[in-house]
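Report on the structure given below.
There are 2 protein chains.
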Amino acid sequence: MAVDKSSSTLVVRTGDTKLTAPPFRLSRKNIAAEPGVNHLLAALPPEIVGRIFPQLELVAMPLGHVLHESGGLLQHVYFPTTAIVSLHYILEDGASAEIAGVGNEGLIGLALIMGGNTTPSIASVITAGHGYRLKANLMLEEFNRGGPMMQLMLKYIQAMMTQISQTAVCNRRHSVEQQLCRWLLLTLDRLPSNELTMTQELIASMLGVRREGITETAGNLQREGLISYRRGHITVLNRKGLETHTCECYAVVKKEFQRLLHSPAAAPAPVRISVTNSYL
Amino acid sequence: MAVDKSSSTLVVRTGDTKLTAPPFRLSRKNIAAEPGVNHLLAALPPEIVGRIFPQLELVAMPLGHVLHESGGLLQHVYFPTTAIVSLHYILEDGASAEIAGVGNEGLIGLALIMGGNTTPSIASVITAGHGYRLKANLMLEEFNRGGPMMQLMLKYIQAMMTQISQTAVCNRRHSVEQQLCRWLLLTLDRLPSNELTMTQELIASMLGVRREGITETAGNLQREGLISYRRGHITVLNRKGLETHTCECYAVVKKEFQRLLHSPAAAPAPVRISVTNSYL
DNA sequence: CTAGGTCTGTTCGATAACGAACATATCTTC
DNA sequence: GAAGATATGTTCGTTATCGAACAGACCTAG
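Protein chains in written order, with the numbering used here: chain L, 1289 to 1568; chain S, 1289 to 1568.
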């Protein structure tokens, strides 16, 4: 994998005022610095927002940055706003296989909450961007209050279990093309535009297949007019088309996230960010 | 899959006294009725044992019995003692793929705790036996106390996430032989003897591969003297040998369960069952 | 604007697993 | 203990994916 892993996390701490009373006119420019772009943060009730938001740290999440090593202890949890992170496992032979992805719909660091503090898998940034992080002890403290934060986290954990389960199912039964389409759609849903900044090499590495397989499949999809790409960039031209090429796994995951985290019961009295969020 | 799904759950309610003060001399005959054979129940402190054990219902878990349908609401959680349950997903084309297995080390019904109340996957019995069940509301009540039950469940959830993750990884990268060995070992660890009662057909269905593939692989393993089998029964003759034939996935799962659920910190002041439990 | 590095395109034979078809063996039930 | 049902054995052609090797295209740093 040709991802740069040497870069370190750039900390960009923003003023507390801005964080607790975020501006509601969002331009593309400051989406990254808007906590509410992260769906979990957006779903928290005012009470928790008051306690937690002042403690959030805006951090740059550069491509390849490793948030969590296999077996490493978690110091923070991360709420991506514009970055996308992959949870994957590195095999003894050096190959890798993705377990799940995390973008602005979720958070990295569940093992902290669950008490294990670490996992055998790795979390690394596959689309550069930003996110907020929260110190481990603060997150744990809030979780252990047993209120809405706990309820929200438990539902998110279940949603993640479904995503991982479907990864397992998809890996077992579906073709590279179906899996690529699923992956593109899931990733697209985490981005504000229809363009992924991503090499075929990286995608192959995430899916745990050969790069040639991705080149060939992506070529087919391009020929069919569903996507277009150039070195390191993939633009989705026909979303519906991709959906017909993928397997049921995409919809299963999507529906469960919707059901668990976006139904009225899931987030009582949330801080609603009044931005048309096309990438929900 | 040729598993009988018509049989219904046989409820065998035992006296409260026996449950709260279990006999410590275990013969093979009454293992099934001993709550402490389930590791999670065994790890609960006396305080919770007092509240929960009188509410436990001993139930027969016949082969093929479905504990939870895709999308069905959970009425109980199940703690297997001698039964083994498979969590799997049925695809649109009717094929199936296992997500994880649950035996006396765990429980079925996490979606209840996490608040989703259901999952897209199915839970069905693949090795007949017994287990204890607890009404949904009682489990939830105990969990929401926020004490040791919650801590234990959170750790078990993390352990399950690791198991599911490794299923995904294994499905992606490893051969049928490696996967079969992993599966046999994981299943063996849930049983008191070295014999699995299980057809190749069922194993194939769980692994999501062809039955012929299992026949061929099992034949090889038998020729090498690692296992011996007859119609519907597989005996493991050389456990170490199987371990050398499997992939790293088995050890990863095993170690995480050990770390999360059997380290001293994981279960403070547990009710220890003084039985040499060769199968953990 | 050139050079080196990194991506992408393409080919080829190898191989693991598939799907279908059918033979044989083993259990169970009456 | 015979019949029917179910499990296992075996074969064969098919296919998706792999692994290796290399050519060409594209970016970006100097």
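Idealized CB from N, CA, C, for every residue including glycine.
>> Per DSSP, what are the beta-bridge partners of His1376(L) in this structure?
In response: DSSP, once it has assigned bridges, lists Glu1386(L), Ile1410(L) as partnering His1376(L).
> So, Tyr1377(L) versus Arg1470(L), is the Cβ gap smaller than 7 Å?
Replying inline: If you check the CB distance, Tyr1377(L) and Arg1470(L) do not come in under 7 Å.
> Using a Cβ-Cβ distance under 7 Å, would Gln1446(L) count as near chain S?
Replying inline: Nearest CB-CB separation between Gln1446(L) and chain S: below the 7 Å threshold.
> Using a beta-carbon distance below 7 Å, is Asn1405(L) in contact with chain S?
Replying inline: The C-beta of Asn1405(L) comes no closer than 7 Å to any C-beta of chain S.
> What residues from chain L crowd round Pro1408(S), counting only those whose CB sits closer than 7 Å?
Replying inline: Within chain L, the residues near Pro1408(S) are Thr1450, Val1540, Glu1544.
> So, helix, strand or coil for Ala1331(S), using DSSP?
Replying inline: Three-state DSSP puts Ala1331(S) in coil, outside helix and strand.
> Are Ala1411(L) and Leu1344(L) close, meaning C-beta to C-beta below 7 Å?
Replying inline: Going by C-beta atoms, Ala1411(L) is not nearer than 7 Å to Leu1344(L).
> How would you label Pro1342(S), buried or exposed, when you count the other beta carbons within 10 angstroms and need 16 or more for buried?
Replying inline: Classification for Pro1342(S): exposed.
> Would DSSP call Met1349(S) helix, strand or coil?
Replying inline: Note: Met1349(S) maps to strand in three-state DSSP.
>> I need the boundaries of the beta strand (DSSP E) containing Gly1419(L), first residue and last residue.
In response: Per DSSP, Gly1419(L) belongs to the beta strand (DSSP E) from 1417-1423.
>> According to DSSP, simplified to helix, strand and coil, what is Thr1523(L)?
In response: In the three-state scheme derived from DSSP, where H, G and I count as helix and E and B as strand, Thr1523(L) is classed as strand.
> Taking the alpha-carbon positions, what's the Tyr1366(L) to Ala1424(L) distance?
Replying inline: Each residue's alpha carbon lies about 10 Å from the other.
> In terms of residues, what are the limits of the beta strand (DSSP E) holding Val1255(L)?
Replying inline: Residue 1255(L) cannot be examined here, being either before or after the span of chain L that is shown, 1289 to 1568.
>> My output table needs one value for Arg1433(S): the three-state DSSP class, helix, strand or coil.
In response: Looking at Arg1433(S) - three-state DSSP - the assignment turns out to be coil, as it is neither helix nor strand.
> Quick one, which of Ser1409(L), Gly1417(L), Gly1382(L) has its alpha-carbon nearest Ala1447(S)'s?
Replying inline: Ala1447(S) has its Cα closest to that of Ser1409(L), out of Ser1409(L), Gly1417(L), Gly1382(L).
> Using a C-beta to C-beta distance shorter than 7 Å, which residues of chain L count as neighbours of Arg1460(S)?
Replying inline: For Arg1460(S), the chain L residues whose Cβ falls inside 7 Å of its Cβ are Ala1385, Asn1459, Gly1496, in order along the chain.
> Quick one: what's got a C-beta closer than 7 Å to Leu1476(S)'s C-beta in the same chain, skipping five residues either side?
Replying inline: Closer than 7 Å at Cβ, skipping near neighbours: Asn1482, Leu1484, Val1524.
> Would you say Glu1544(L) and Thr1505(L) are within 7 Å of each other, going by their C-beta atoms?
Replying inline: Contact flag unset, no.
> For Leu1530(S), which three-state DSSP category applies?
Replying inline: Helix.
>> By alpha-carbon positions, which one of Thr1534(S), Val1325(S), Ser1374(S), Gln1546(S) ends up nearest to Lys1443(S)?
In response: Minimum Cα distance to Lys1443(S) is reached at Gln1546(S).
> Measuring CB to CB, does Leu1361(L) end up less than 7 Å from Thr1406(L)?
Replying inline: Taking 7 Å as the Cβ cut-off, Leu1361(L) and Thr1406(L) qualify as a contacting pair.
>> Val1457(S) and Ala1399(L) - do their beta-carbons sit closer together than 7 Å?
In response: Contact: no.
> Under the three-state reduction of DSSP, which class applies to Glu1284(L): helix, strand or coil?
Replying inline: Here chain L comprises residues numbered 1289 to 1568, so residue 1284(L) is not present and cannot be evaluated.
> From the beta carbon of Glu1465(L), is the nearest beta carbon of chain S less than 7 Å away?
Replying inline: Judged by the 7 Å Cβ criterion, Glu1465(L) is not in contact with chain S.
> For Gln1439(S), which residues in chain L fall below 9 Å Cβ to Cβ?
Replying inline: Near Gln1439(S) (Cβ distances below 9 Å), the residues of chain L are Gly1403.
> How should Leu1548(L) be labelled, buried or exposed, when 16 other C-beta atoms within 10 angstroms of its C-beta is the threshold for buried?
Replying inline: Looking at its Cβ environment, which holds 16 or more other Cβ atoms inside 10 Å, Leu1548(L) is buried.
> The alpha helix (DSSP H) spanning Ile1515(S) covers which residue range?
Replying inline: It is not in any alpha helix (DSSP H) - Ile1515(S) instead sits in the beta strand (DSSP E) that spans 1515-1518.
> Between the stretch 1416-1433 of chain S and the stretch 1324-1342 of chain L, do at least 3 Cβ pairs fall closer than 8 Å?
Replying inline: By the Cβ test, the stretch 1416-1433 of chain S is not in contact with the stretch 1324-1342 of chain L, since fewer than three Cβ pairs between them sit closer than 8 Å.
> In chain L, which residues lie less than 7 Å from Tyr1377(S) when you measure between Cβ atoms?
Replying inline: Here the neighbours are Ser1453, Val1457.
>> Quick check on DSSP: helix, strand or coil for Thr1474(S)?
In response: The sequence given here has Leu at residue 1474(S), not Thr. Helix at Leu1474(S).
> According to DSSP, is Leu1426(L) helix, strand or coil?
Replying inline: Judged by DSSP in its simplified three-state form, Leu1426(L) adopts helix.
>> DSSP three-state label for Leu1484(S), please.
In response: Note: Leu1484(S) maps to strand in three-state DSSP.
> Any idea if Thr1532(L) is buried or exposed, counting beta-carbon neighbours within 10 angstroms, 16 or more meaning buried?
Replying inline: An exposed status is given to Thr1532(L), since fewer than 16 other beta-carbon atoms sit within 10 Å of its beta-carbon.
> Using DSSP with H/G/I as helix, E/B as strand and the rest coil, what is Leu1361(L)?
Replying inline: Note: Leu1361(L) maps to coil in three-state DSSP.
>> When you compare the CB of Gly1434(L) with every CB in chain S, is at least one pair closer than 7 Å?
In response: Chain S contact via Cβ: present.
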